[in-house]
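Here's the structure, in structure tokens; my notes come after.
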Amino acid sequence: MNLGTVFRRPDNPEYPYFVIAQSDQLIDLNTRVIIPFVRWRPSLPGMSKINPVITIDEERYILMAQLIQTVYLHELDEEDIHSYRPEMRDLIVSAVDFLTTGS
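Under the working numbering, think of the first position of the sequence shown as 10, with each following residue one higher.
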């Protein structure tokens with residue numbers, strides 16, 4: 010479960026996916042930092058730096074960096090892994106950086 014691993018949330022239609030946003034160097038911790046996605050809608054205001062738009066299964070989603078959270082490993086089910094998206098690393102790092110530093 011590395012940075013960029015996308016999970017399904019079948020029980021949460023508001024936030025149907027989330028991504029691991031924790032450095033792979035911290036793999037031994039019993040927690041993972043995650044950021045949820047919300048379905049893209051034209052009515053959603055967003056700032057591209059903190060809320061980049063991502064495509065999952067040909068549908069657009071918004072990374073909600075301001076909703077960053079931590080979960081315990083035992084709460085993550087490998088059956089809910091949707092995909093591994095290492096190319097999202099820079100978007101995740103940029104969003105979290107903007108969230109914490111404003112730049």
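Even for Gly, the Cβ is constructed at its ideal location relative to N, Cα and C.
Treat the numbers as computed from the prediction; the structure is a model and nothing was measured.
Let me make sure I understand the geometry here. Which of the options has the alpha-carbon closest to that of residue i?
i: Leu-53; options: Leu-72, Thr-110 and Val-42; result: Leu-72
i: Leu-12; options: Asn-39, Ile-43, Glu-88 and Glu-87; result: Ile-43
i: His-83; options: Phe-27, Asn-21 and Leu-38; result: Leu-38
i: Asp-86; options: Glu-23, Ile-29 and Ile-59; result: Ile-29
i: Thr-64; options: Met-56, Ile-77 and Ser-92; result: Ser-92
i: Asp-106; options: Ile-90, Asp-89 and Ile-77; result: Ile-77
i: Gly-111; options: Tyr-26, Pro-45 and Met-56; result: Met-56
Let me check one thing: in DSSP terms, what residues is residue i bridge-paired to?
i: Tyr-93; result: Thr-14
i: Gln-75; result: Beta-bridge pairing links Gln-75 to no other residue.
i: Tyr-24; result: According to DSSP, which records beta bridges pairwise, Tyr-24 is partnered with nothing at all.
Take the Cβ of residue i as the centre, count every other Cβ of all protein chains shown within 10 Å, and call the residue buried at 16 or more, exposed below.
i: Val-15; result: buried
i: Gln-34; result: exposed
i: Gln-31; result: buried
i: Pro-19; result: exposed
i: Ile-36; result: exposed
i: Asn-21; result: exposed
i: Tyr-81; result: exposed
i: Arg-41; result: buried
Does the segment 46-55 come within contact of the segment 89-108, defined as at least 3 CB pairs closer than 8 Å? no
Could you tell me which uninterrupted beta strand (DSSP E) segments, each at least 3 residues in length, are contained entirely in the segment 27-51, listed from first to last along the chain?
40-48
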